[in-house]
Amino acid sequence: MKNKVIIIAEAGVNHNGDLDLAKKLIDAASEAKADYIKFQTFKTENLVTEIAEKSHYQKLRTNSISATQFDMLQSLELSHENHTELIKYCNKKNIKFLSSGFDLESIDFLESLNMDLFKIPSGEITNFPYLKKISSLNKPVVLSTGMASINDIENALNVLTSNSLTLDKISVLHCNTSYPTPLKDVNLKAMNYISEKFNVNVGYSDHTLGIEVPIAAVALGAIIIEKHLTLDRQMPGPDHFASLEPNEFSRMVSAINNISLACKGSGIKEPTESELKNINSARKSIVAKKDIEKGELFSENNLTTKRPGLGISPMNWEEIIGKLSKKKYKKNDLI
Numbered sequence: 051m052k053n054k055v056i057i058i059a060e061a062g063v064n065h066n067g068d069l070d071l072a073k074k075l076i077d078a079a080s081e082a083k084a085d086y087i088k089f090q091t092f093k094t095e096n097l098v099t100e101i102a103e104k105s106h107y108q109k110l111r112t113n114s115i116s117a118t119q120f121d122m123l124q125s126l127e128l129s130h131e132n133h134t135e136l137i138k139y140c141n142k143k144n145i146k147f148l149s150s151g152f153d154l155e156s157i158d159f160l161e162s163l164n165m166d167l168f169k170i171p172s173g174e175i176t177n178f179p180y181l182k183k184i185s186s187l188n189k190p191v192v193l194s195t196g197m198a199s200i201n202d203i204e205n206a207l208n209v210l211t212s213n214s215l216t217l218d219k220i221s222v223l224h225c226n227t228s229y230p231t232p233l234k235d236v237n238l239k240a241m242n243y244i245s246e247k248f249n250v251n252v253g254y255s256d257h258t259l260g261i262e263v264p265i266a267a268v269a270l271g272a273i274i275i276e277k278h279l280t281l282d283r284q285m286p287g288p289d290h291f292a293s294l295e296p297n298e299f300s301r302m303v304s305a306i307n308n309i310s311l312a313c314k315g316s317g318i319k320e321p322t323e324s325e326l327k328n329i330n331s332a333r334k335s336i337v338a339k340k341d342i343e344k345g346e347l348f349s350e351n352n353l354t355t356k357r358p359g360l361g362i363s364p365m366n367w368e369e370i371i372g373k374l375s376k377k378k379y380k381k382n383d384l385i
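Numbering (the working numbering), first residue to last: 51 to 385.
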């Protein structure tokens with residue numbers, strides 16, 4: 051993952067339980083040139099009790115009369131058969147399939163599908179049995195940290211590395227679990243703090259409106275960007291409003307790729323190959339300010355600096371002033 055920014059299109063539950071809509075999201079993610087499209091794998095009865103209320107943003111963004119998460123989530127489940135069909139469709143569209151498992155049974159199922167990467171959603175960062183299960187798989191892990199403190203992250207990493215999983219296989223995503231996230235709450239510098247404190251690869255899972263913040267995260271060193279994708283922000287459902295529509299997602303991917311390229315390099319300030327050809331035309335040389343006779347003293351009265359930079363550099367000015375001219379010069383001749 052260190053060679054390029056990995057972009058994950060978070061379809062999540064924006065398929066609204068409709069397999070055809072899920073495929074259209076795959077189409078959009080593929081056309082935008084995302085690396086992965088990510089869904090969610092869960093059994094509602096293993097994830098939430100029947101009395102659990104929806105979160106604040108879920109109540110705002112869903113039009114169901116149900117007051118519980120249980121009913122809402124049950125309508126958004128993808129069956130095992132759905133997963134198989136979506137994986138085949140992803141292969142056809144040349145994009146990698148990814149899904150966050152939300153319970154132990156779902157982790158087992160995803161492992162049976164030979165997932166090459168496991169994504170831990172923010173809500174599971176304090177779920178010890180869940181983390182222990184992921185650790186035992188010894189597969190690369192991406193850990194989201196919404197709502198987490200630095201101690202939560204440290205504890206989760208300790209559990210994940212308690213078996214054979216090593217830190218170099220773990221990427222930690224800075225995240226704010228508010229849909230949408232107010233810009234004042236992004237705290238993007240926390241991503242770098244996580245990197246420095248735990249010596250892990252870092253990225254950013256974004257829930258702000260727009261594309262600016264994930265682009266900024268790449269400029270700061272994120273190697274993974276996750277962003278929700280929808281076909282229409284006005285569709286009913288908990289996550290559509292804080293998602294990007296296809297044209298916006300494409301613009302984000304393009305900008306991220308450009309910023310990623312611009313941030314590459316040695317970090318040493320030196321002329322690049324593309325600008326070397328401009329040095330002589332942009333820099334100046336010491337030239338005759340007026341006609342100069344042989345044997346005349348060079349002075350500020352008869353010397354100046356002008357382009358091109360083919361002669362003596364103006365940085366040698368004090369070495370030239372006071373010397374005797376060994377030849378005649380016409381005005382504007384290079385010394």
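Note that the Cβ used here is the ideal one computed from N, Cα and C, for glycine as well.
Annotation: the continuous alpha helix (DSSP H) that includes Asp-121 extends over 119–124. Excluding sequence positions up to five before and after Cys-225, its CB lies within less than 6 Å of the CB of Ser-172, Ser-194, Thr-195, Gly-196, Ser-255, all in the same chain and listed in chain order. Take Ile-362, set aside five residues on each side of it, and the residues of its chain with a beta-carbon closer than 8 Å to its own are Ser-335, Ile-336, Ile-370, Leu-384, Ile-385, in chain order. In its chain, beyond the 5 residues on either side, Ile-309, Cys-313 have a beta carbon closer than 7 Å to the beta carbon of Ala-269. Ranked by how close their Cα comes to the Cα of Gly-359, the residues Ser-212, Ala-72, Met-365, Arg-333 have Arg-333 in first place. Judged by DSSP secondary structure, Asn-330 falls outside any beta strand (DSSP E) and instead within the alpha helix (DSSP H) spanning 329–332. Judged by DSSP in its simplified three-state form, Cys-313 adopts coil rather than helix or strand. When the alpha-carbon of Ala-84 is set against those of Ile-56, Glu-95, Glu-246, the nearest one is in Ile-56. If you look at His-65, you'll find it isn't in any alpha helix (DSSP H); DSSP assigns it neither H nor E. Lys-373 places its beta carbon 8 Å or farther from that of Lys-344.
Excluding five sequence positions before and after Asn-132, the CB atoms of its chain that fall closer than 7 Å to its own CB belong to Leu-69, given in chain order. In this structure, Ser-185 lies near Val-209, with their beta-carbon atoms less than 8 Å apart. Minimum Cα-Cα distance from Ile-200 among the listed residues Leu-136, Asn-242, Leu-163 corresponds to Asn-242. When Tyr-229, Leu-181, Gln-119, Asn-237 are compared, the shortest CA-CA separation from Leu-207 is found for Leu-181.
Counting only runs that start and end inside the segment 275–309, there is no beta strand (DSSP E) element of at least 3 residues.
Tyr-254: member of the beta strand (DSSP E) spanning 251–256, first to last residue.
Within the segment 217–248, the runs of beta strand (DSSP E) that reach at least 3 residues and sit entirely inside it are, in chain order, 220–225.
For Ile-170, no alpha helix (DSSP H) run applies; the uninterrupted beta strand (DSSP E) run containing it begins and ends at 168–170, by DSSP.
Your pair Ala-82 and Pro-296 checks out as a contact, with CB atoms roughly 7 Å apart and the cut at 8 Å. If you draw a 10 Å sphere on the C-beta of Gly-62, you find 16 or more other C-beta atoms in it, and that means buried. Spatial neighbours of Ala-240 in its own chain (CB-CB distance under 8 Å, excluding positions within 5 residues in sequence) are listed in chain order as His-224. At the C-beta level, Leu-160 and Ile-58 stay beyond 8 Å of one another. Note: Ile-57 is bridge-paired with Ile-275 in the DSSP secondary-structure output. Ranking Asp-153, Ala-266, Thr-258, Ile-329 by CA distance to the CA of Gln-90 puts Asp-153 first. Short of 6 Å from the beta carbon of Phe-299, and not among the five residues preceding or following it, lie these beta carbons of its own chain, in chain order: Ala-82, Leu-279. In the DSSP secondary-structure assignment, Leu-384 is bridged to Val-337.
Of the other Cβ atoms in all chains shown, 16 or more fall within 10 Å of the Cβ of Glu-60; this residue is therefore buried. Ranked by Cα distance from Asn-66, the options Ile-87, Lys-54, Leu-128, Leu-97 are led by Leu-128.
Take the alpha-carbon of Tyr-139 and the one of Asn-177: they are about 32 Å apart.
In the structure shown, Val-98 adopts coil according to DSSP, grouped into three states. Linking Asn-64 to Leu-281 through their CA atoms gives a straight-line distance of about 8 Å.
Each residue's CA atom was taken as its position, placing Leu-75 and Lys-143 some 11 Å apart.
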